[in-house]
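Single-structure report; data block below.
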Amino acid sequence: MATLANTGFVTENFAEGDFVLVQGVVTPDKQGVLGIDIKSMTAAKTELTKLTGLDNISAVANMYVNGTKTPVACKYAYDADRTVADCWDTFTFIYDSYGNVIGTTKYTAPANYAVLDKLYIDYAKGDGTVYATVVTPAGEKTDITVNTITAILPGNENTGKAVKAADFIASLDDDMFKGLGFQYQWSGSKFYSYYYGQLVDYVVNENGSYDINIPGRAKQVKNAIIVKGSKFIYDGTNTKIPVLEVTADTIFLYQNGYAPNATYTSVTGYENLPATLVATEIQYIVKGGKVALVYVLNPQPVNSYKQVYYAGGQPSYDTSTGVGIYTYAVKVLGENGMEDGVITSKEPVFSGKPAGVYKVTLNASGLATKVELASADNYVVTLHAAPVNNTTYWYGTDEAHAKILDLSVVAFFNVSGDNTVNKTNLDGKNVSLIFDANGAAVAAYYYG
8 MATLANTGFV TENFAEGDFV LVQGVVTPDK QGVLGIDIKS MTAAKTELTK
58 LTGLDNISAV ANMYVNGTKT PVACKYAYDA DRTVADCWDT FTFIYDSYGN
108 VIGTTKYTAP ANYAVLDKLY IDYAKGDGTV YATVVTPAGE KTDITVNTIT
158 AILPGNENTG KAVKAADFIA SLDDDMFKGL GFQYQWSGSK FYSYYYGQLV
208 DYVVNENGSY DINIPGRAKQ VKNAIIVKGS KFIYDGTNTK IPVLEVTADT
258 IFLYQNGYAP NATYTSVTGY ENLPATLVAT EIQYIVKGGK VALVYVLNPQ
308 PVNSYKQVYY AGGQPSYDTS TGVGIYTYAV KVLGENGMED GVITSKEPVF
358 SGKPAGVYKV TLNASGLATK VELASADNYV VTLHAAPVNN TTYWYGTDEA
408 HAKILDLSVV AFFNVSGDNT VNKTNLDGKN VSLIFDANGA AVAAYYYG
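The numbering used here numbers the first residue of the sequence shown as 8 and each following residue consecutively.
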């Protein structure tokens, strides 16, 4: 049934975390070393309920479990300093085969995670009640009543103790803002911004109120680059080495805009990410050694195209993420025909370059590092009804009477896995329309 292993034993019948009643006989071997001959092992009865009373505090002969007097087989203590637990706390009680309590473990409700989108207090009838709007990992907003808040106060470093939510906000008013309590009735007050944009831990009480910990136990990465279809997340300041690995089960919660009243989108799995993005910051939760949740703040699109049409124009330049990013407007092809896209880079890659079709070289984090014309002559050809050769199509009877292909003749499809655009209704050839600076289709690029 079991074998000894140093100071414990190995069994095949129970899982880690199970409570087990073990009966055995202690006997010395020939060298006088004590060993245990295990006779039986059975699963211990456990019960999750409240401690409602204690007899004889010094020895604790009986305890009252959910109102029922229950003998204690050994001295009961909960904390390491041998202090007795408070009544009405919830424990897992462990019983022997005779129904005696032989152990307890303090029950801690599993933490849930959410984003704090709104926080405010209502002073109706002279009492302060604190309300909040939290956003679940699924992107759903829930309005809640807040019971307690555990938070780092502005200007302090250490997380404070859990206090009644109204008292917490009143302490901010009294200690820091000198009589501006009315400001806290508005969720958009600047005094609340300190607590927005953070993952929080919370526990729901029996009465439905919430105990909130701000910030939660999330880890963070500044200037993060999330690559569509990649299981790695990069730091924008060093795009060669990934800083985080995600999975097909990782939940991504995107926040667009600023709290309060931001909008949120949830996606599960790196393969389902909508686009490659750079974010001011991400916060993430690890469970069981894997990244369970990634909270993405202020995502901005990053290039995910490898072939684009650049019509000219100056880029925008943004440093809000801490890394200077150039963003160029380009044209790409999608289900609805011509679509707007962007190329992002840390250098002005299109500086001095003419309009045309470009091949884009991307680094691992999705930023463009180099652009070059698709070929010496850009492979720009005029489409015609029948191919003249492998790279030229005519629209009309001959070259002298060529006409531009009507857009309605061409079927549009998404970019395929190899980053080509497939159009199969024109003699089975793969071509891509090219647009001028005004967005008009003027020619086509042949992929072969």
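For every residue, glycine included, the Cβ atom is placed at its ideal position computed from N, Cα and C.
None of these values were measured; they are calculated from a predicted model.
Under the three-state reduction of DSSP, I159 is assigned to coil, being neither helix nor strand. Distance check between K46 and each of T53, V32, A286 and T140 places V32 closest, using alpha-carbon atoms only. For V137, the uninterrupted beta strand (DSSP E) run begins and ends at T136 to V142, by DSSP. For K238, the secondary structure class from DSSP, reduced to helix, strand or coil, is coil. Per DSSP, the continuous beta strand (DSSP E) segment holding T287 begins and ends at L284 to K294. Cβ-Cβ separation between L374 and S358: approximately 16 Å, too far for a contact (criterion under 8 Å).
Distances from the alpha-carbon of Y261 to those of V108, E278 and T143 put T143 closest. Sequence-distant Cβ neighbours of D150 in its own chain, meaning closer than 6 Å and more than five residues away, are T140. Pairing V274 with L280, the inter-Cα distance amounts to about 7 Å.
CA-to-CA, the gap between Q30 and M48 works out to about 6 Å.
Sorting N305, T270, A255 and D174 by C-alpha distance to the C-alpha of N230 places N305 at the top.
Taking a contact as a CB-CB distance under 8 Å, the pair A158 and Y202 counts as one, their CB atoms being some 7 Å apart. DSSP, reduced to helix, strand and coil, places D256 outside both helices and strands of the structure shown, so it counts as coil.
Under the DSSP assignment, N279 falls outside any beta strand (DSSP E); it carries neither an H nor an E label. For K125, the enclosing beta strand (DSSP E) has its first and last residue at N119 to D129. The alpha-carbon separation between Q205 and Q290 amounts to approximately 8 Å.
The Cβ neighbour count for G135, taken over all protein chains shown within 10 Å, is at least 16; the residue is labelled buried. Taken through DSSP and simplified to helix, strand or coil, Y201 comes out as helix. Per the coordinates, the alpha-carbon of F21 lies some 29 Å from the alpha-carbon of T254. Burial of I233 is indicated by the presence of at least 16 other C-beta atoms within 10 angstroms of its C-beta.
A direct Cα-Cα distance of roughly 14 Å separates I332 from K377. Taking C-beta atoms under 8 Å as the contact rule, E54 and F100 qualify, at a distance of about 5 Å. Of the residues A172, L300, G110 and I109, the one whose Cα lies closest to the Cα of Y127 is A172. Of L251, K226, L41 and V228, the smallest CA-CA separation from S237 is found for L251. In terms of Cβ geometry, N119 and Y265 do not form a close pair [threshold 7 Å]. In the three-state reduction of the DSSP assignment, A266 falls in the coil class, being assigned neither a helical nor a strand state. In the displayed model, D174 falls within a helix according to three-state DSSP. Counting every other CB atom within 10 Å of its CB across the protein chains shown gives L369 a total of 16 or more, marking it as buried. A straight line joining the alpha-carbon of N214 with that of G276 spans about 35 Å. When the beta-carbon positions are compared, T334 and V349 come within less than 7 Å of each other. Here Q307 is near V285, since their CB atoms are less than 7 Å apart.
Here the alpha carbon of I221 sits roughly 12 Å from the alpha carbon of D124.
Taken atom to atom, the span from the alpha-carbon of P267 to that of V228 is near 22 Å. Distance from the CA of T34 to the CA of L41, rounded to the nearest whole angstrom, comes to 5 Å. With fewer than 16 other CB atoms across the displayed protein chains lying within 10 angstroms of its CB, I248 is exposed.
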